[in-house]
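Undergrad: Residue numbers (UniProt numbering): 1 to 151.
(1) Determine, using beta-carbon pairs with one atom in the region 99–118 and one in the region 64–83, whether at least three such pairs fall under 8 Å.
(2) Nearest-angstrom Cα distance between residue 21 and residue 34?
(3) Distance check for residue 150 and residue 54, CA to CA, integer angstroms please.
(4) Could you check what DSSP says for residue 21 in three-state terms: helix, strand or coil?
(5) Considering only C-alpha positions, which residue in the set 39, 119 and 51 is nearest to residue 61?
(6) Pick out whichever of 59, 74, 30 and 93 has its Cα sitting closest to the Cα of residue 41.
(7) For residue 56, count neighbouring C-beta atoms within 10 Å of its own C-beta (all shown protein chains included) and say buried if the count is 16 or more, exposed if not.
(8) Out of curiosity, what's the CA-to-CA distance linking residue 132 and residue 146?
(9) With distances taken from CA atoms, which of 125, 113, 84 and 122 is nearest residue 141?
(10) Could you give the residue range of the alpha helix (DSSP H) that holds residue 65?
(11) Assuming residue 44 contacts residue 102 (C-beta within less than 8 Å), just tell me the rounded distance between them.
(12) Go ahead and label residue 115 buried or exposed: buried means 16 or more other beta carbons lie within 10 angstroms of its beta carbon, across all protein chains shown.
(13) In angstroms, rounded to a whole number, what distance separates the CA positions of residue 72 and residue 30?
(14) For residue 190, which residues from the same chain have a beta carbon less than 7 Å from its beta carbon, with the 5 sequence-adjacent residues on both sides left out?
(15) In angstroms, rounded to a whole number, what distance separates the CA positions of residue 124 and residue 88?
(16) Could you have a look at residue 97 and say whether DSSP puts it in helix, strand or coil?
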């Protein structure tokens with residue numbers, strides 16, 4: 001595994017590490033949500049649209065207040081907003097500096113992501129079956145780009 005990819009995985013993991021729901025996946029609907037939030041933070045750091053994403057995240061947090069509190073979602077969303085405002089830069093989210101070509105590839109993939117499928121109903125069942133084909137492709141492409149940043 002390349003140094004950049006290893007650093008990125010470590011940074012992405014550390015961003016999600018404080019989520020107490022990670023310790024008890026059996027009962028918290030926010031378990032694993034970091035795999036959605038980190039790419040969205042990257043999108044925001046790249047200048048992608050945030051308002052619709054925030055609205056959908058807020059709806060889910062509101063729908064599951066106990067789980068949201070246990071998962072420290074208020075703090076996590078506050079931290080994510082730092083990517084939107086530019087307080088946190090892309091290299092900080094990735095945990096390693098990126099050259100301009102890597103940044104361009106990552107941002108091109110990330111800005112195509114959205115949370116149009118996210119609602120309290122779909123979130124509770126944990127499915128992504130509501131993803132449009134376009135979004136399925138966008139999410140697959142994003143993770144492909146991340147995995148191949150060093151090549």
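Note that beta-carbon positions come from the ideal geometry of N, C-alpha and C, so glycine has one too.
TA: Result, derived from the coordinates:
(1) No, the region 99–118 does not touch the region 64–83.
(2) Residue placement at residue 21 is poorly supported in this model, since its pLDDT is 42, which falls under 50; the coordinates are not used for a value here.
(3) Near 30 Å, if we compare the C-alpha coordinates of residue 150 and residue 54.
(4) In this predicted model, residue 21 has a pLDDT of only 42, less than 50, meaning its place in the structure is not dependable; the value taken from the coordinates is given anyway. Residue state, collapsed to three classes: helix.
(5) Per the Cα distances, 119.
(6) Nearest option by C-alpha distance: 93.
(7) Buried: at least 16 other Cβ atoms inside 10 Å.
(8) Residue 132 and residue 146 have their C-alpha atoms roughly 21 Å apart.
(9) Nearest to residue 141 by C-alpha distance, out of 125, 113, 84 and 122, is 113.
(10) Element bounds for residue 65: 65–70.
(11) With a beta-carbon spacing of about 18 Å, residue 44 and residue 102 fall beyond the 8 Å limit used to define contacts.
(12) Buried.
(13) C-alpha separation (whole angstroms): 10 Å.
(14) Summary: the structure shown does not reach residue 190, with the chain confined to residues 1 through 151, and so no result is reported for it.
(15) Each residue's Cα considered, the two are about 30 Å apart.
(16) Residue state, collapsed to three classes: coil.
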